[in-house]
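In my numbering, the protein residues as written are 4 to 290. In this text, a Cβ means the ideal position worked out from N, Cα and C, and glycines have one as well.
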Amino acid sequence: MNRAWLAVPILLVAALGIAVFLGQPKQSSVQLPDSGYVDVNGDQYSAQEYMQTPEDALRSAVQGLPSDFVYPVKISDCDSYADRYARERCLVLYTQRSGDPKGCEPIQGIESKDACYFDAAVDSKKPALCENITYGKQECYMQAAIETKDATTCAKAAANIKGCENAVDAGDVAKCPLGDDQQFCGDAVLAKDKSLCRQMRSYDEACYLQIAVDTNNSSLCNRTGTSQDHCFFKVANSVNNPAICESIGETAVRDNCVAWVAFNTGNTQLCYQAGSEAQSCLDDLSG
């Protein structure tokens with residue numbers, strides 16, 4: 004039986020492993036294996052050469068706090084810090100713990116403020132806080148939806164495309180959503196062509212996919228775009244339900260899905276429903 008499907012990467016969910024687009028420059032958490040290089044926006048730097056921005060340093064400091072750190076319980080607890088970044092770190096921590104967006108308001112700089120709202124929305128499981136973000140709003144909604152396992156929030160992870168379409172309707176470039184791919188919206192408005200909005204990044208399909216897999220909800224797979232077959236495959240094998248395999252469009256993948264459910268459950272009779280994988284399934288179970 005073909006075991007390749009167990010290792011097939013979830014294409015859209017790869018976006019979850021990439022650093023959220025909250026500003027420039029931004030540091031990816033992915034480091035090339037055994038290379039000693041850090042990947043920053045596609046450019047590679049040695050660990051010695053790359054210097055973090057103050058915003059990156061702020062986030063790193065928040066993540067590396069000692070276990071006995073005393074967390075602020077009110078905004079005024081942060082007033083004792085004279086250093087700007089120490090105070091902003093304190094404000095981020097307050098907002099993360101309380102879910103109170105007022106903690107982010109005094110933070111200077113769009114990147115740091117967006118990072119504060121992003122972390123607060125995800126950590127406090129309050130997706131509504133994502134609306135305060137200037138850059139990276141879609142990514143915030145996706146992460147918050149996954150954290151809360153609330154698929155109804157996933158639609159907002161495609162807000163840029165909807166905003167672009169609204170800008171085209173209004174014929175106003177100024178209404179284009181802010182972000183790294185804002186230029187696509189401008190092109191769409193100038194060309195009066197909504198189809199160009201589809202060039203903008205959207206995270207709704209990745210959002211539905213992750214929640215479908217996390218909650219074993221196969222009904223969400225229909226919203227996962229090009230990852231639909233993989234979604235059905237993952238859920239079917241998670242709950243060992245061959246009926247879910249029947250929703251897979253590609254015959255070879257469908258057969259492999261049934262074969263794996265048969266293998267997982269030790270059901271030899273099910274192998275006969277595995278089409279091209281039937282003999283391989285029988286061989287695996289008899290071995």
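Residue range of the alpha helix (DSSP H) that includes residue i
| i | result |
| --- | --- |
| Asn-244 | Per DSSP, Asn-244 belongs to no alpha helix (DSSP H) and is neither H nor E. |
| Thr-98 | 87–101 |
| Leu-285 | 281–289 |
| Asn-270 | Here Asn-270 belongs to no alpha helix (DSSP H), and DSSP marks it neither H nor E. |
| Thr-227 | From DSSP, Thr-227 is part of no alpha helix (DSSP H); its letter is neither H nor E. |
| Ala-170 | 162–173 |
| Glu-150 | 140–151 |
| Ser-127 | Counting along the chain, Ser-127 falls outside any alpha helix (DSSP H), and DSSP gives it neither H nor E. |
| Asp-217 | 207–218 |
| Gln-276 | Element bounds for Gln-276: n/a, residue is neither H nor E. |
| Gln-347 | Nothing about residue 347 can be reported from this structure: the residues present for the chain run from 4 to 290 only. |
| Leu-199 | Neither: Leu-199 is in no alpha helix (DSSP H) and is coded neither H nor E. |
Cutoff 8 Å; reference residue i; Cβ partners in own chain excluding five residues on either side
| i | result |
| --- | --- |
| Phe-187 | Cys-167, Leu-199, Cys-200, Gln-202, Met-203 |
| Gln-51 | With a pLDDT of only 37 at Gln-51, under 50, the local geometry of the prediction cannot be trusted, and no value is derived from it. |
| Ala-160 | Gln-141, Glu-142, Tyr-144, Met-145, Ala-148, Ser-205, Tyr-206, Asp-207, Ala-209, Cys-210 |
Of the residues the options, the one placed nearest residue i, counting alpha carbons only
| i | options | result |
| --- | --- | --- |
| Val-192 | Val-176, Pro-180, Gln-185 | Val-176 |
| Lys-195 | Leu-223, Gly-269, Gly-174 | Gly-174 |
| Asn-169 | Arg-92, Ala-154, Gly-189, Glu-150 | Gly-189 |
| Ala-239 | Cys-260, Cys-143, Asp-153, Leu-181 | Cys-260 |
| Ser-205 | Asp-217, Ala-215, Gln-185, Val-216 | Gln-185 |
| Ala-124 | Asp-117, Cys-133, Ser-283 | Cys-133 |
| Phe-298 | Val-216, Arg-226, Gly-228 | Residue 298 lies beyond the stretch modelled for the chain, which goes from 4 to 290, so this question has no answer here. |
Residues near residue i by beta carbon distance below 7 Å, same chain, minus five either side
| i | result |
| --- | --- |
| Gln-272 | none |
| Asp-232 | Ile-251, Gly-252, Glu-253, Val-256 |
| Asp-258 | Ala-277, Gly-278, Ser-279, Glu-280 |
| Ile-136 | Asp-117, Tyr-120, Phe-121, Cys-143 |
| Ser-241 | Asn-219 |
| Tyr-84 | Arg-90, Cys-93 |
Sequence-distant residues of its chain with Cβ nearer than 6 Å to residue i (five each side left out)
| i | result |
| --- | --- |
| Val-171 | Ala-191, Val-192, Lys-197 |
| Asn-243 | Val-264, Asn-267, Thr-268 |
| Asp-126 | Gln-99 |
Residue-chain proximity (residue i, chain B), Cβ-Cβ < 8 Å
| i | result |
| --- | --- |
| Asp-286 | The displayed structure is made up of one protein chain only, and chain B is not part of it. |
Short Cβ contact (8 Å threshold) for residue i with residue j
| i | j | result |
| --- | --- | --- |
| Tyr-97 | Ile-113 | no |
| Thr-218 | Lys-116 | no |
| Lys-140 | Ala-162 | yes |
| Cys-234 | Cys-224 | yes |
| Cys-157 | Cys-93 | no |
| Tyr-88 | Cys-107 | no |
| Ala-154 | Ile-214 | yes |
| Ser-283 | Ala-262 | yes |
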